[in-house]
Each structure stands twice: as C-alpha cells, then as structure tokens.
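Residue numbers (the working numbering): 2 to 568.
Here a beta-carbon is modelled for each residue, glycine too, at the ideal position from N, C-alpha and C.
Let me begin by presenting the structure, written as structure tokens, before commenting on it.
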Amino acid sequence: MNKKLFNVSLALATAIILFATSCSSSLKPLSQSNFKVTPSPLETVGMEVPVTVNGTFPEKWFHPNATVTITPVLKYAGNKELKATPYTYQGEKAAGNGITIPKKRGGNFVMNFKFPYQEGMEVAELFMRFDAQIKNKKANLPDVKVADGVITTSVLADALTTDPSFSDDNFQRIIKEKQEEAIMFLIESAELRQSELTKEGLQAWKKRVEEAFSDPKQQIALEIGGYASPDGPLTLNETLAQQRLKNSLNYLDKEFKKKNISTDINTHYTEEDWEGFKQLVEASDLQDKELIIRILSMYTDPEEREQQIKNLSHIYQELAETVLPELRRARLIASINIIGKTDDEIMSFWRNDPKKLNIEELLYATTLTDNDAEKERIYQYITVNFPQDYRGWNNLGALFYKQGNINKAEQSFNRAAQISPNAPEVNMNLALIAMINNDLDKAEELLGKAGGAKNLNAALGLLYLKKGEYNKATEAFGNLKSNNAALAQLLVKDYSKASQTLAAIPNPDATTAYLAAIVAARTNNFNDVLTNLQTAIQRDKSMAQKAANDLEFAKYRTNSEFVSLIQ
Numbered sequence: 002m003n004k005k006l007f008n009v010s011l012a013l014a015t016a017i018i019l020f021a022t023s024c025s026s027s028l029k030p031l032s033q034s035n036f037k038v039t040p041s042p043l044e045t046v047g048m049e050v051p052v053t054v055n056g057t058f059p060e061k062w063f064h065p066n067a068t069v070t071i072t073p074v075l076k077y078a079g080n081k082e083l084k085a086t087p088y089t090y091q092g093e094k095a096a097g098n099g100i101t102i103p104k105k106r107g108g109n110f111v112m113n114f115k116f117p118y119q120e121g122m123e124v125a126e127l128f129m130r131f132d133a134q135i136k137n138k139k140a141n142l143p144d145v146k147v148a149d150g151v152i153t154t155s156v157l158a159d160a161l162t163t164d165p166s167f168s169d170d171n172f173q174r175i176i177k178e179k180q181e182e183a184i185m186f187l188i189e190s191a192e193l194r195q196s197e198l199t200k201e202g203l204q205a206w207k208k209r210v211e212e213a214f215s216d217p218k219q220q221i222a223l224e225i226g227g228y229a230s231p232d233g234p235l236t237l238n239e240t241l242a243q244q245r246l247k248n249s250l251n252y253l254d255k256e257f258k259k260k261n262i263s264t265d266i267n268t269h270y271t272e273e274d275w276e277g278f279k280q281l282v283e284a285s286d287l288q289d290k291e292l293i294i295r296i297l298s299m300y301t302d303p304e305e306r307e308q309q310i311k312n313l314s315h316i317y318q319e320l321a322e323t324v325l326p327e328l329r330r331a332r333l334i335a336s337i338n339i340i341g342k343t344d345d346e347i348m349s350f351w352r353n354d355p356k357k358l359n360i361e362e363l364l365y366a367t368t369l370t371d372n373d374a375e376k377e378r379i380y381q382y383i384t385v386n387f388p389q390d391y392r393g394w395n396n397l398g399a400l401f402y403k404q405g406n407i408n409k410a411e412q413s414f415n416r417a418a419q420i421s422p423n424a425p426e427v428n429m430n431l432a433l434i435a436m437i438n439n440d441l442d443k444a445e446e447l448l449g450k451a452g453g454a455k456n457l458n459a460a461l462g463l464l465y466l467k468k469g470e471y472n473k474a475t476e477a478f479g480n481l482k483s484n485n486a487a488l489a490q491l492l493v494k495d496y497s498k499a500s501q502t503l504a505a506i507p508n509p510d511a512t513t514a515y516l517a518a519i520v521a522a523r524t525n526n527f528n529d530v531l532t533n534l535q536t537a538i539q540r541d542k543s544m545a546q547k548a549a550n551d552l553e554f555a556k557y558r559t560n561s562e563f564v565s566l567i568q
C-alpha cells in the first residue's frame, strides 16, 4: 500500500475511534442511585399505578450536543411490559424542544406518569429506558431498574359484589278506590230533576256501587253530603243543604232496594260551602281571583264575606254564572277497598294459570320464592307477555348479574334501556357493567341518571374506589357493610372502622377474610394475619398464591408459619 495513503487511513480510523470513545464516555450509564421513586414500592390508586420519579443528571454528565429520551417501562407477568409517557432532555447546544440540562452543573428532573393496572402487576419491576444520541450518533445506555413490585390492594374493589338495582312491583294487597258523583240543584231549590237522575255519570256511579257490593273481595263505604252555595241568607242555605241531602238519600235508598243493596250511608250537610267556593275560584281563570281569595282570608264572618264579594259587582256577576251553581249539590262518595289475591293464590295461579295474573302480581310473585330458577321463569314469562314493560327485562338482567352471568345481564339491561332509557335502576345497572369493563367515564355518566335507584350509594362508592377517590367512597358507602365499604375505609387508613365493617358483613367470603388479613398486617397483628389468611384460603385456595405475591405481607415472607400457610 502507498505509505502516504496508509497514513491517511490510519489517521481517519484513529479519529473515528476517538470520536466514538468521546461519545460513549460523555454519556456514562446511570445507576439506581440517580433515581428516587415515589411511592416505593409502587401502589395502585383506583385502577391506575401513579408514579413520581425524581432524577439527577450528575455534573459534567450531559454532553452539550446530546439528546436523551427516558421512557418509564413496567415489566410484569414474565415478558409483559407497559410504557409510560417519555420525557426528553437535551444538552445546551442540541436542537429540539427537550428540557435543557447544562453539562457543567448537571441537573435535577421530575417525571410524573401512570400505568393502567393489569393483572399480574403484583410482581413487577420499573425500569428507566434510554434513547440517547449525540448529534446524529446513537449512544447506548442500558436500562436502569428503579423499583420492585406493586401493592394492588385498591383493585380488590369488586363490582360483582355490588347488588344490582331491581325494579319494584306496584302490587297492593288492598287497592283503595274512590268513585264520586254529584246531583246538581237549581238556585234556592232542593228538587231532584229528572235530567240529573238520568245522566250518565250517576248511572255509572250506581253501577260501580252494585259491582262492589256483590263482590266479596270488595269492601264499600258510602257517604252523601248536602251543600248550599255561600250566597243568600244562612237559614235558607241550611234548610236547602239539609233538604238536598234528604232528597238524595231517599232516592238512593229506593235505587239500592231495587238491587238488594243494603249498606249504611254516612250523611252530613254544609250550609255554606266556602271551602268549595275557594277551591273553585283558585282553579278558575277569573281575572280578579286573587282579590276574592284575599277577601276570604281577611273576613271569617260568612255574612261579611258575602257582602264584601257582592260589593265587587263586576266580579260577582261572573261568580254567579260560573262558580256558585257548582256548589248547589249533593256529593255522592263511594270508598271501595279491593282486596287482592293472597300470596298462596298468586303462586297457585303462577304455577297453574299465569294468564290470570297481571304484571304487578307477576313481579310480586318473584318475591315469594327463593328459587332462582323459578324467578328466572317468571321474568322470562313477563318479557314474553309484557315485552314493553322494562321492569321484566331489568330484573331478569339483575338476576343474571347476581349469578355472575355478565353477558346475559348486559343484554337484558340494554333491552330495558331501549324501552325506558331514563329508568334510574337500569342506568345504575348499566353503570355496574361499565365498571366491570373499567369504563369509568361511562359509568359516571350513567350514575348521573340513576337518582333514586336502589343500592345507588353502593354503586357510587364503587365508582369512587375505582377512581382512587377514597374519601368520597367512604362517604358514599356510609354505614353499608360490604367488602367494598371496608376496602375504602382501609385505604383511608381507618383500620378500626374497616375491622368493624368486615366483622359485620352478613355473608363474608374469601375477600372479606383477605381484607381482614391486610388490616392485621398494617396494624402489626401477626396472629390475625395468619388466622384471616387461613380462613381466606379455606374459602378460596387461590388466595394462597395471591398472598405469596402480595407486598402487603412482604415483611412475613421469611416467617416459617406464613410460608407454611401459603405453600
């Protein structure tokens, strides 16, 4: 080779080596000591893992032309990993929009980020991953592990343990019904007119009384009142009211005898019906009705009242034509109690002739059996025979939900929502489905339309738990005794209250005991840790592996009794 050419090649190679050495030596690998992670270990808040990392670039570490992007990476469940929002930093001479770090004095930095919770994160490692270059030359920096493990206690919040909202039936054992009619009279007269006695309303009233009297499942009480309008002399009005009552009573007695109806009739009369007068005026569109009502409140003496109103001549004429004639009457009132089917009758009809049951009786029938299969058959019957009543669909979905059949539950709830989109209980139940799917925005929107639904506070408490708003959750749960309520109290560090709630849960399960074990671990009560974990594992064997990986019990991992229990 030409000696001159060889020297040039050698010089070029030396320059390249020196440049590469300069690049790598300017960005030396960072270590765990350059990072402080909060919290440590990591911990879920609601359904997320929020993290704050305070880092330091040492003095003279950052090359003026360097650009360094740091990406937080959470590795879990073997080979799975999640990446958080990257942060970019750059030297004083580098082009770009990154945060500038001076070479001479270095710099501190803060990274805030979060990961969505994923199953298996109890065993996890948090790394800082670097993408670095000086000018256009890549600089290789290794990942730095900065934290181990995630405490996942908050994700024990469980929508499936929250009771759905069933729609109420409107079944009434006794249905109270009131039928009212009036026989009208001319001014200063108590004579019964044929036009009044043959009118359709009175005939219908008499027919209804006859029906009630002949039905052993109906109880009837009759009342007749005689009334006079509050105009004219009081003595005349009293006589009119009494005579109108008497004539009406005699008429009804004769009519009832024809139908073999024998029943007591309560009677009374009102010589001047000022109360009826006031009600008619208030309901009218009279121009000066407020003035009339004010006169009624100012004067209590009947004659004075009448005179003051008559003084308003332009008003009194209209009253005489529209209001006063309506007060010259006899009121006929039939109070009827319809006695409904007994519980035994309802269940007998359901099993033998369900077509004889109405929708309210069918919905009520589901409360008379503890057999879920029979409840489902009743709800299915309702959805077929009363398809436009959303309650059958909603309650069928609630039954599926309690059985853990979420797909069928969601289908039924959606069908109910198509029929009645504003039904509070339907929106609450769909919110529970949304929370199972961790769609918290949708759940919050649905719960906003669920006012008045049964178990709404439990659903709201669950939403706040999943959002990491633990104080709001405890407030929403109130005195409810449930795993979710106890979890909220545990997460606000009210361990005494959490213990009381767990002890009072009506049907404790494996999670109940597991939460009690966590409370015991946080309050350094090792005996209760063992006792409650043993109960949890007896109820659900998978709790042993959960406890083995749970950082809530990390301090006991070398204890032989603990190790023996979870193996």
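Comparing alpha-carbon positions, which option in the options lies nearest residue i?
| i | options | result |
| --- | --- | --- |
| Y582 | Y77, F401, A514 | Outside the modelled stretch of the chain, which goes from 2 to 568, sits residue 582, for which no answer is possible. |
| S336 | Q180, R523, F36, D149 | Q180 |
| T153 | Y496, L488, T532 | L488 |
| G405 | K208, Q309, D159 | D159 |
| Q288 | T343, D265, G277, L320 | L320 |
| E123 | D373, G97, V151 | V151 |
| A418 | N439, D440, Q389, K542 | Q389 |
| Y252 | I294, L333, P234 | L333 |
| L83 | E49, A486, K94 | E49 |
| P40 | F63, P234, L127 | L127 |
| I360 | I383, S285, Y391 | I383 |
| P51 | L75, N35, L516, H64 | L75 |
| Q340 | V145, N480, R174 | The identity of residue 340 in the sequence shown is Ile, whereas the question assumes Gln. Here the closest residue by C-alpha is R174. |
| L313 | I293, Q412, A451 | I293 |
| N456 | I316, E470, F478, A518 | F478 |
| L433 | N353, K218, A460, E305 | A460 |
| K146 | A454, S215, N137, A125 | A125 |
Which same chain residues end up closer than 6 Å to residue i when comparing Cβ atoms and leaving out the 5 residues on each side of it in sequence?
| i | result |
| --- | --- |
| K482 | T502, A505, I506 |
| V210 | A335 |
| N560 | none |
| G108 | F58, I102 |
| Q204 | none |
| N439 | M48 |
| A555 | none |
| I184 | E197, S249, A331 |
Can you pull the DSSP bridge partners for residue i?
| i | result |
| --- | --- |
| Q539 | Partner(s): none; Q539 has no beta bridge. |
| T640 | This structure gives no information on residue 640, because the portion of the chain shown stretches from 2 to 568. |
| N267 | E224 |
| N55 | K37, V111 |
| K146 | F128 |
| V46 | E49 |
| V151 | L43 |
| A140 | A133 |
Looking only at its own chain, which residues have a Cβ that is under 7 Å from the Cβ of residue i, when we skip the five neighbours before and after it?
| i | result |
| --- | --- |
| Q490 | T475, K498, A499, T502 |
| Y496 | V520, R523, T524 |
| G99 | T68, T89, Y90, Q91 |
| Q309 | I296, Y300 |
| T86 | F114 |
| A514 | N533, T536, A537, R540 |
| R416 | W394 |
| D510 | R540 |
| A549 | I567 |
| I188 | R329 |
| E553 | I152, T154, I519, A522 |
Once you ignore the five residues that flank residue i on each side, which residues in its own chain have a CB closer than 8 Å to its CB?
| i | result |
| --- | --- |
| I347 | L358, E362, Y365, A366, L369 |
| I437 | A160, L161, I407 |
| Q285 | A small correction: the amino acid at residue 285 is Ser; Gln does not occupy that position in the sequence shown. So the qualifying residues of the chain are T323, V324. |
Unbroken stretches of the beta strand (DSSP E), 3 residues or longer, contained in the stretch 73 to 128: 81 to 84, 88 to 91, 108 to 117
- prompt: When the Cβ atoms of the stretch 398 to 410 are set against those of the stretch 424 to 442, are three or more pairs found closer than 8 Å?
  reply: yes
query: Which ranges does the alpha helix (DSSP H) cover as unbroken runs of at least 4 residues, wholly within the stretch 293 to 367, from first to last along the chain?
result: 303 to 312, 314 to 323, 344 to 353, 360 to 366
Segment contact flag, the stretch 269 to 286 with the stretch 221 to 229, C-beta cutoff 8 Å, min 3 pairs: yes
field: Length at least 3, wholly inside the stretch 156 to 232: the beta strand (DSSP E) runs in chain order
entry: 175 to 185, 219 to 228
message: Closer than 8 Å is the cut-off here; do at least three beta carbon pairs connect the stretch 167 to 181 with the stretch 53 to 70?
response: no
field: the stretch 173 to 187 contacting the stretch 535 to 552, beta-carbon criterion three pairs below 8 Å
entry: no
Cβ contact (3+ pairs, closer than 8 Å) linking the stretch 238 to 257 and the stretch 193 to 210: yes
message: Would you call the stretch 136 to 152 in contact with the stretch 440 to 457, where contact means no fewer than 3 C-beta pairs closer than 8 Å?
response: no
- request: Could you pull out every unbroken alpha helix (DSSP H) segment of at least 4 residues lying fully inside the stretch 438 to 486, listed in chain order?
  value: 441 to 448, 457 to 468, 471 to 478
The stretch 251 to 265 / the stretch 204 to 223 touching (three or more Cβ pairs under 8 Å): yes
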